[in-house]
Every structure is written in structure tokens, then in C-alpha cells.
Amino acid sequence: MSAQPANPANLANPASRDWPLFEVFIRSKQGLDHKHVGSLHASDAAHAITLARDVYTRRQEGVSIWVVPSNAITASAPEQKAENFDPMASKIYRHPTFYDIPAEVGHM
Amino acid sequence: MLPESTLLTLADTCLISGHRLSEWCGHGPALEEDIALTNTALDAIGQARALLQVVAARRSPAITEDALAYLREPAQFANLALAAAPNTDYAHTVLRSLLLAAWLVPVWDALGHSSDHDIAAIAGNAAKEARVQRRHARQWWVRFGDGTAESRRRAEAAVAALWPLTGELSAVRIPGVDPDAVLSAWWDAVQDAFAEATMPLPTAAPPLSGELAAQAAQWRHALLGEMQSLARQHPGARW
Numbered sequence: 101m102s103a104q105p106a107n108p109a110n111l112a113n114p115a116s117r118d119w120p121l122f123e124v125f126i127r128s129k130q131g132l133d134h135k136h137v138g139s140l141h142a143s144d145a146a147h148a149i150t151l152a153r154d155v156y157t158r159r160q161e162g163v164s165i166w167v168v169p170s171n172a173i174t175a176s177a178p179e180q181k182a183e184n185f186d187p188m189a190s191k192i193y194r195h196p197t198f199y200d201i202p203a204e205v206g207h208m
Numbered sequence: 380m381l382p383e384s385t386l387l388t389l390a391d392t393c394l395i396s397g398h399r400l401s402e403w404c405g406h407g408p409a410l411e412e413d414i415a416l417t418n419t420a421l422d423a424i425g426q427a428r429a430l431l432q433v434v435a436a437r438r439s440p441a442i443t444e445d446a447l448a449y450l451r452e453p454a455q456f457a458n459l460a461l462a463a464a465p466n467t468d469y470a471h472t473v474l475r476s477l478l479l480a481a482w483l484v485p486v487w488d489a490l491g492h493s494s495d496h497d498i499a500a501i502a503g504n505a506a507k508e509a510r511v512q513r514r515h516a517r518q519w520w521v522r523f524g525d526g527t528a529e530s531r532r533r534a535e536a537a538v539a540a541l542w543p544l545t546g547e548l549s550a551v552r553i554p555g556v557d558p559d560a561v562l563s564a565w566w567d568a569v570q571d572a573f574a575e576a577t578m579p580l581p582t583a584a585p586p587l588s589g590e591l592a593a594q595a596a597q598w599r600h601a602l603l604g605e606m607q608s609l610a611r612q613h614p615g616a617r618w
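Chain order of the listed sequences is A and B. Numbered per the working numbering, the first sequence spans residues 101 to 208. Numbered per the working numbering, the second sequence spans residues 380 to 618.
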């Protein structure tokens, strides 16, 4: 691991110092999709699954667990949030709200 | 119905090993491990509770699970010696957990078919919990055995300390449960974990010596001294 800035909590906890971070995704009983629920430190992916079971499914939250190394995720830049997402606010025509739904289709 | 002595062997083994695991609460090597180990401790204590409730209800006159857990004398406990072995370090804790869970899985599996329906219901759930405990311990055991020189040294020290206690497993008799099948399943699971950990598997341990049994009684006495202290100092206390 690369050198971390001096952070007493990190130095005191061997897990945060030596173990890589994993993002945890859980699929609930009703859900079809795995949802991000948090992260944890573990020595490898199999260990991360074991720990995720204890940290994130203690209250029957899920029926399936995914873990992904946090450093495998590429994120959009927070400082580009405005230019990325604000322009969509004015483009209401991209929402399919102008169609008349035939009565026999029912709820969509 | 299974005899009370059998139920107490299982209940006390779970209660004592659960308390041992709970001693790590707040001291785990990492936050995530701390939670995992505390969950396992709660599973074991939950199994003990369920069994002690059955024992308590079948006594005449009936008593309470709390009286059995907190007011029985240490000499009346029937736990396996292995369950009381001190934590010492994480290698000792993990090996104790592995050796115990590898034995409990086939025991619970067999009891799941027991004609004693109260116990069969408890065993069904406990078998799942014991599998999680066995998997968790096995993962660590492989890391320690096949890890660094230091982890290997600690793993070897844990084997030296704990393996002799496994001699007791072959002496346990549970009505309706084939002892050879349990031992064979235990041996397979342990052998498999030791092989992946590149740890040499010791030969089968002889029956517990008098010296070891006395040592285990001392461990239990000290453990119960702490576990029962609150209930004994404040009889009938509630929260």
C-alpha cells in the first residue's frame, strides 16, 4: 500500500493500514439488483465476502453479496458535477411524460 | 428424549466457547473481524440458550435457563475441555474455533434427524451457524499456516496447545448419533484445512490425561468466575 498521510486512526488499525478496501453490494430478498451498502477492509475478496456477511447482513438484509475492490471503481469527478448533470434539468422532453397511455395498458 | 447429560455437554460447550469468543469483543484485530467474531459468539450463546431452555423446562420442578447458566457450580458444567481453552492470540482462537466447529457441524447435522424434536429444531439452525464458524476459522487457519514466518510460528504454538484437547472428542457419546461418522467428518474437515494451510497434521490425540483435565477445569473455573460474577453479586437483577 502507498504511504498514507499521518492519520492516528489508520496507524492504530492494522486493517485500514494493510488490508485493501472493498465496496459491498447486497441483493435483498425482493430486489433484483445488488445495491451498494458500504465498504470494508479485508485481506482478499473471499475474506471480504465472509466479513460482509457479518457486517452487512446481520438483520436479514440480503440473499446475495458482491464485493468489488474499491480501487477498481472509476468515479466521475465531483468538481464536474455541475457541467455533467445540471444541463439535463432543462430537457424535460427526455421524460416520456407527453404520451397518452391507452387505458388497456393500465399502470406503467 | 435425549438425556440431560448429553444436552448439557452440548449447551455448556457452546456457552463456554461463546463466552471465550466474546472476550474478543472490542479487542478484535480489525473492526470487521471484531464484528464477525462477536456474531459467532452470539450464535454460540444462542445455541446454548436454546438447549438450556429445554433442559430447564424438563427439570422437575422446572427452573430457568439463567439459573443453569449463571448459578450452577463450575464442577457441574459438562463442556468439552477444548471450549474453555484461553484465547492467547488469534491463531489459538481460530484453531479452537475450527476444531470445535468441525466437530459441531456433523453433530448438529445428525441431531437434525433426532427423534427428540425440540433438539432437532435447534440443531437445524445451529448446523448452519456452525458452518459459517467453520468457514471463517478455516480461512484464517490457511492464512496463518501458509502466511508469514511469524503467523506460522503462532499457528504451530496453537497446535501444540490445543491438539491434545481433541483427544476428548472420541470419548463423546450422543444417543442416536454415530460417533465414528462424526469423528470421520471431523477428521476430514480438519485434514482439509491443515493441508491447505500447509500445516502437518498431528496423529490422533490420546484420551485426555488427568493433568489436562485438571487444567481445563481451572480454565472453566476462571471463566465462570467472571461470567457468573454479576448474577451472583446481584441475585435476580434485571435490566
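The C-beta atom is built at its ideal place from N, Cα and C for all residues, glycine as well. Predicted model, so just to flag it, every value in this text is computed and none were measured.
Unbroken alpha helix (DSSP H) run spanning residue i, endpoints
i, result
"residue 191 (chain A)", "Run containing residue 191 (chain A): none; DSSP gives neither H nor E here."
"residue 573 (chain B)", "558-575"
"residue 386 (chain B)", "383-401"
"residue 520 (chain B)", "496-524"
"residue 535 (chain B)", "528-541"
"residue 611 (chain B)", "608-612"
9 Å Cβ cutoff, residue i in contact with chain B
i, result
"residue 170 (chain A)", "no"
"residue 166 (chain A)", "no"
"residue 111 (chain A)", "Confidence at residue 111 (chain A) is low in this model, with a pLDDT of 45, below 50, so its placement is unreliable and no value can be given for it."
"residue 163 (chain A)", "no"
"residue 107 (chain A)", "Reliability of the predicted coordinates at residue 107 (chain A) is poor, the pLDDT of 42 falling under 50, and the value obtained from them is presented with this limitation in mind. By this cut-off, residue 107 (chain A) is not an interface position."
"residue 101 (chain A)", "Legend: pLDDT at residue 101 (chain A) = 38, less than 50; position of this residue unreliable, value from coordinates given subsequently. No, its Cβ sits nowhere closer than 9 Å to a Cβ of chain B."
"residue 104 (chain A)", "Because the pLDDT at residue 104 (chain A) is just 42, under 50, the model does not fix this residue reliably, and the value given afterwards should be weighed accordingly. Residue 104 (chain A) does not count as touching chain B."
Any C-beta of chain A under 9 Å from that of residue i
i, result
"residue 411 (chain B)", "yes"
"residue 424 (chain B)", "no"
"residue 537 (chain B)", "no"
"residue 415 (chain B)", "yes"
Length of the line joining the Cα atoms of residue i and residue j
i, j, result
"residue 101 (chain A)", "residue 138 (chain A)", "A caution first: residue 101 (chain A) carries a pLDDT of 38, below 50, which makes its placement in the model too unreliable to give a value."
"residue 605 (chain B)", "residue 445 (chain B)", "15 Å"
"residue 136 (chain A)", "residue 547 (chain B)", "46 Å"
"residue 155 (chain A)", "residue 148 (chain A)", "10 Å"
"residue 104 (chain A)", "residue 408 (chain B)", "Low local confidence applies: a pLDDT of 42 at residue 104 (chain A) is under 50, so the model's placement there is unreliable, with the coordinate-based value given in what follows. So the two alpha carbons sit approximately 20 Å from each other."
"residue 145 (chain A)", "residue 505 (chain B)", "26 Å"
"residue 406 (chain B)", "residue 473 (chain B)", "15 Å"
"residue 418 (chain B)", "residue 499 (chain B)", "23 Å"
"residue 584 (chain B)", "residue 490 (chain B)", "25 Å"
"residue 381 (chain B)", "residue 540 (chain B)", "33 Å"
"residue 611 (chain B)", "residue 166 (chain A)", "46 Å"
"residue 590 (chain B)", "residue 543 (chain B)", "11 Å"
"residue 201 (chain A)", "residue 132 (chain A)", "26 Å"
"residue 438 (chain B)", "residue 431 (chain B)", "11 Å"
"residue 125 (chain A)", "residue 519 (chain B)", "23 Å"
"residue 434 (chain B)", "residue 469 (chain B)", "33 Å"
"residue 415 (chain B)", "residue 422 (chain B)", "11 Å"
"residue 143 (chain A)", "residue 517 (chain B)", "14 Å"
"residue 357 (chain B)", "residue 523 (chain B)", "In this structure chain B extends from 380 to 618, so residue 357 (chain B) is not present and cannot be described."
"residue 514 (chain B)", "residue 447 (chain B)", "30 Å"
"residue 567 (chain B)", "residue 141 (chain A)", "31 Å"
"residue 476 (chain B)", "residue 617 (chain B)", "32 Å"
"residue 206 (chain A)", "residue 197 (chain A)", "15 Å"
"residue 623 (chain B)", "residue 466 (chain B)", "Any answer about residue 623 (chain B) is impossible in this case: the structure gives chain B only from 380 up to 618."
"residue 509 (chain B)", "residue 587 (chain B)", "24 Å"
"residue 41 (chain A)", "residue 185 (chain A)", "The question about residue 41 (chain A) has no answer here: the residues shown for chain A are numbered 101 through 208."
Heavy atom of the ligand GDP within 8 Å of residue i beta-carbon
i, result
"residue 442 (chain B)", "Absence of the ligand GDP is noted for the structure shown, with no ligands found whatsoever."
Note down, in chain order, all residues in the region 501-515 of chain B with a beta-carbon under 8 Å from any beta-carbon belonging to chain A. When C-beta distances to chain A are compared with 8 Å, the residues of the region 501-515 of chain B below that value are 511, 514, 515, in chain order.
What are the residues in the region 131-157 of chain A lying within 8 Å of chain B by C-beta distance? Correct list: 140, 141, 142, 143, 146, 147, 150, 151, 153, 154, 155.
Output needed in chain order: residues of the region 452-477 of chain B with a Cβ under 9 Å from some Cβ in chain A. The residues in question: there are none.
Scan the region 114-183 of chain A and note each continuous beta strand (DSSP E) run of 3 residues or more that stays entirely inside, going in chain order. Whole beta strand (DSSP E) segments, 3+ residues: 121-127, 134-141, 164-169.
Could you name the residues of the region 517-548 of chain B whose beta carbon sits closer than 8 Å to any beta carbon of chain A, in the order they occur along the chain? Hits within the stretch, in order: 518, 522.
Which runs of the alpha helix (DSSP H) at least 4 residues long sit entirely within the region 432-487 of chain B? Give them in chain order. Runs found: 444-449, 460-463.
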